[in-house]
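Which chain is which? The protein sequence lines are U and H, in order. Numbering (the UniProt record's numbering) for the first sequence: 1 to 433. Numbering (the UniProt record's numbering) for the second sequence: 1 to 154. Glycine included, every Cβ here is placed at the ideal spot set by N, Cα and C. These numbers were taken from a predicted model, which means no experiment stands behind them. First comes the structure, then the notes that go with it.
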Amino acid sequence: MEKPLTQHIVPGRKPLSLKEYEKVGGYQSVRKVLQDMAPAEVQALVKDANLRGRGGAGFNTGLKWSFVPMGPEAATPKYLVANADEMEPGTFKDRLLLEGNPHQLIEGMIVAAYAIQASISYVFLRWAYKLAAQEITQAIHEAYKAGYLGKNILGTGFSLEMHLHTGVGRYMCGEETALLNALEGKRANPRAKPPFPQVSGLFGKPTIVNNVETLCNLPHIINNGAEWFRKLGLTEDAGTKLYGVSGRVKKPGCWELPMGTTIREILEDYAGGMQDGYLFKGLLPGGASTDFLVEEHLDLPMDYGAIQAAGSRMGTGTMIILDDQTCPVGFVHNLQHFFAQESCGFCTPCREGLPWVEKILLAIDKGEGKPEHLLTLDFHTKYLGPGNTFCALAPGAMEPLQSALKYFREDFERHIHEHHCPWSKSKAWQPSI
Amino acid sequence: MLTAEEKHRIDHEISLVPARKNAGIEALKIVQQSHGWVSDESLQDVAEYVGMSTAELDSVATFYNLIFRRPVGRHVILLCDSISCYVMGYEGLRDHLYNTLQIQYGQTTADGRFTLLPNCCLGTCDCAPALMIDNDLYRNLTVEQLDEILSKYT
């Protein structure tokens with residue numbers, strides 16, 4: 001089984017230095033695109049490879065790039081940003097790539113920057129990733145020294161500056177337009193679209209924001225071709241995917257597997273199945289903002305289409321398992337507390353609605369719920385859903401809630417009718433403020 | 001008053017962006033590194049230096065979870081309270097920290113040694129529950145390990 005993204009990552013060992021990375025073929029894709037390919041060819045190749053954004057949205061990367069104005073009339077400078085914020089609860093895949101092989105990310109960023117003719121790039125890294133910050137700083141330094149970054153790279157006339165920017169903690173920074181505001185030194189509120197960042201992004205200039213895993217795929221697509229990449233996937237989605245599992249499984253972790261590997265295989269063969277004494281109840285397939293899937297969905301392939309058809313989203317591909325000894329109401333309350341805290345407060349439904357949802361869930365969890373509370377929660381899943389808020393934070397928050405109300409409604413009703421949490425060992429979760 | 005060293009570092013950040021105010025967050029980070037937090041006086045100094053009103057910069061400073069607008073202890077404990085840590089029982093860690101340190105979230109111990117803050121997902125969900133103290137990440141934690149870990153920080 002090919003594992004292009006993680007083949008040179010050894011847990012617990014320092015990532016490859018630039019010299020070691022070059023020895024295993026590193027930076028060959030940079031030589032190839034800069035010396036032999038036009039930017040439009042790179043865009044077409046990546047589009048043909050069907051590389052879809054690994055940050056969760058799944059948009060075709062080459063197609064996204066194609067919206068950037070090209071040619072001598074295009075505004076300059078153009079920017080490329082690696083979204084390394086990774087603050088979605090339950091998501092820990094990019095950390096592996098950032099800490100394990102920073103040169104792979106830098107190489108992918110140079111390829112992407114060349115494809116859109118960007119001259120300035122940023123790694124937007126979350127504050128908590130201290131080790132990643134160290135490794136990336138070192139790798140950027142090495143890449144400058146070797147002539148892969150800076151002016152006139154490899155004598156081709158293409159120039160690219162790269163900066164590491166560490167965030168100061170806010171989930172909103174993962175949303176691409178909010179991330180741009182943060183980079184500009186502002187509050188990380190989302191921006192209205194259009195104009196799209198591809199046309200008017202950072203400092204009003206054309207900008208592409210790509211997820212870390214997306215960018216790390218690029219060197220391999222350039223080196224091996226679009227068809228090779230498409231064939232890595234088991235279903236219609238191309239490439240490999242970093243899948244992760246957390247919760248009460250025997251071996252929580254993160255693995256690079258073919259796109260379309262079934263949930264059951266990931267859960268049982270890689271995560272080792274449930275811990276002794278715990279039964280599977282449900283899972284969020286790709287982070288806190290995805291809908292629950294249950295037993296009947298375990299044989300689905302983890303790809304964009306199959307998970308969407310089942311009423312959820314693959315999201316980041318990092319699953320969170322709900323076991324039979326964890327209260328589903330407490331579980332969802334924890335998620336809604338997070339979303340309410342992290343709402344930027346910019347639009348009213350999100351700012352007012354999420355704390356309301358959180359308070360209701362706390363009341364139900366404590367045994368103080370009323371039957372009409374479920375109707376109020378249903379109401380919120382509709383009115384905080386897609387199309388009613390400025391960005392996707394609140395609709396994302398509603399995904400686990402609406403599916404919990406669908407699959408675990410009896411558990412909510414028991415809390416209300418019995419006036420206490422049936423998971424007697426688990427205390428009602430208290431908000432932190 | 002910003003020190004010469006702080007101004008030098010802020011000037012570098014300003015040189016990387018089109019307008020001085022674009023370096024506001026970086027300037028706040030620099031001041032926080034020096035003092036541990038951003039006081040009203042520091043905020044005013046930074047605002048003046050980067051060409052923002054104090055209110056505008058304060059609206060930025062208070063937006064971000066890790067810009068501290070109140071004094072913090074010598075060591076900041078960030079306890080992950082997100083979903084995977086919830087499933088794996090972070091609440092036991094929280095209650096032990098409450099009891100041992102005699103503080104709750106947002107508070108600093110009487111001796112100024114620790115400040116305890118909740119933190120959303122530390123991105124180490126496969127090794128939950130987790131917390132950070134200053135720059136040190138601790139994973140797969142049990143309540144029994146906490147006291148020894150705390151003893152490393154004076």
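So with Cβ pairs under 8 Å, would you call residue i a contact of chain C?
| i | result |
| --- | --- |
| H/I14 | You won't find chain C in this structure, because its protein chains are U and H. |
Among the residues of its own chain, which have a CB less than 6 Å from the CB of residue i, if the five just before and after it don't count?
| i | result |
| --- | --- |
| U/K151 | S159 |
| U/G56 | G315, T316 |
Relative to the alpha-carbon of residue i, which residue among the options has its alpha-carbon at the smallest distance?
| i | options | result |
| --- | --- | --- |
| U/L18 | U/R95, U/T316, U/I266, U/E142 | U/E142 |
| U/R187 | U/L105, U/G169, U/G277 | U/G169 |
| H/I30 | H/F68, H/G106, H/E56 | H/F68 |
| U/F67 | U/L202, U/G147, U/P195 | U/P195 |
| U/K359 | U/H8, U/F203, U/F338 | U/F338 |
| U/S246 | U/G287, U/F408, U/S403, U/A178 | U/G287 |
| U/E256 | U/D276, U/G233, U/V249, U/Q198 | U/G233 |
| U/P197 | U/Y27, U/L179, U/C344, U/V212 | U/L179 |
| U/L105 | U/R126, U/A139, U/I116, U/A306 | U/A139 |
| U/E184 | H/L16, H/P118, H/D58, H/D95 | H/L16 |
| U/L401 | U/G62, U/G311, U/V42 | U/G311 |
| U/N50 | U/G239, U/L300, U/R126 | U/G239 |
| U/E22 | U/Y148, U/E295, U/V46 | U/Y148 |
| U/L375 | U/L405, U/V294, U/C254, U/G387 | U/L405 |
| U/T261 | U/H297, U/R248, U/T290, U/K281 | U/H297 |
When burial is assigned at 16 or more other CB atoms within 10 Å of the CB, is residue i buried or exposed?
| i | result |
| --- | --- |
| U/H419 | exposed |
| U/V10 | exposed |
| U/W429 | Unreliable positioning characterises U/W429 in this predicted model, as indicated by a pLDDT of 47, which lies under 50. The coordinate reading is nonetheless provided below. When all chains shown are included, U/W429 counts as buried. |
| U/K64 | buried |
| U/M172 | buried |
| H/H12 | exposed |
| residue 450 of chain U | Outside the modelled stretch of chain U, which goes from 1 to 433, sits residue 450 of chain U, for which no answer is possible. |
| H/P18 | exposed |
| U/E135 | buried |
| H/S84 | buried |
| H/N135 | exposed |
| H/D147 | exposed |
| U/G155 | exposed |
| U/P167 | Contrary to the premise, residue 167 of chain U reads as Gly rather than Pro in this sequence. Per the 10 Å Cβ criterion, buried. |
For residue i, which three-state DSSP category applies?
| i | result |
| --- | --- |
| U/R313 | coil |
| U/M162 | strand |
| U/R31 | helix |
| U/V357 | helix |
| U/W423 | coil |
| H/L28 | helix |
| H/T154 | coil |
| U/L234 | coil |
| H/D40 | helix |
| U/A84 | strand |
| U/E413 | helix |
| U/H220 | helix |
| U/W255 | strand |
Apart from the five residues on each side of it in sequence, which residues of its chain come closer than 7 Å, Cβ to Cβ, to residue i?
| i | result |
| --- | --- |
| U/G369 | A363, H415, I416 |
| H/V60 | G24, I25 |
| U/I433 | In this predicted model, U/I433 has a pLDDT of only 43, less than 50, meaning its place in the structure is not dependable; the value taken from the coordinates is given anyway. Closer than 7 Å at the Cβ level, and outside the excluded window around U/I433, lies no residue. |
| U/A112 | L80, I208, N210, L215, L218 |
| H/R139 | T124, C127, A130 |
| residue 180 of chain H | Absent from the model: residue 180 of chain H. The displayed extent of chain H is 1 to 154, so no value can be given. |
| H/I103 | T109, L116 |
Below 9 Å on C-beta distance, what does residue i contact in chain H?
| i | result |
| --- | --- |
| U/T326 | Y86, V87 |
| U/G369 | Under the 9 Å cutoff, chain H gives no residues; its nearest Cβ is about 19 Å from U/G369. |
| U/F338 | D81, S82, I83, C120, C121 |
At a CB-CB cut-off below 7 Å, which residues of chain H make contact with residue i?
| i | result |
| --- | --- |
| U/M87 | C120, C121 |
| U/W127 | L66 |
| U/E342 | C120 |
Using a Cβ cut-off of 8 Å, pull out every chain U residue sitting near residue i, in sequence order please.
| i | result |
| --- | --- |
| H/D126 | F92, G244, V245, S246, P252, G253, C254 |
| H/P18 | F203 |
| H/K21 | G185 |
| H/V60 | G185, K186, R187 |
Within the same chain, show all residues whose beta-carbon is closer than 8 Å to that of residue i, passing over the 5 residues directly before and after it, in chain order.
| i | result |
| --- | --- |
| U/R95 | E86, Y129, A132 |
| U/D365 | C327, V329, G330, H333, H415, C421, A428, W429 |
| H/Y64 | I25 |
| U/F59 | R52, G53 |
In chain U, what lies closer than 9 Å to residue i by C-beta?
| i | result |
| --- | --- |
| H/I67 | V168, G169 |
Give the interface partners of residue i over in chain H, defined as CB-CB distance under 8 Å, in chain order.
| i | result |
| --- | --- |
| U/F331 | I83, Y86, V87 |
| U/L335 | I83 |
Show which residues of chain U have a CB atom less than 7 Å away from the CB atom of residue i.
| i | result |
| --- | --- |
| H/Y64 | V168, G169, R170 |
| H/G24 | G185 |
| H/K29 | V168 |
| residue 242 of chain H | Since the first and last residues shown for chain H are 1 and 154, residue 242 of chain H lies out of range. |
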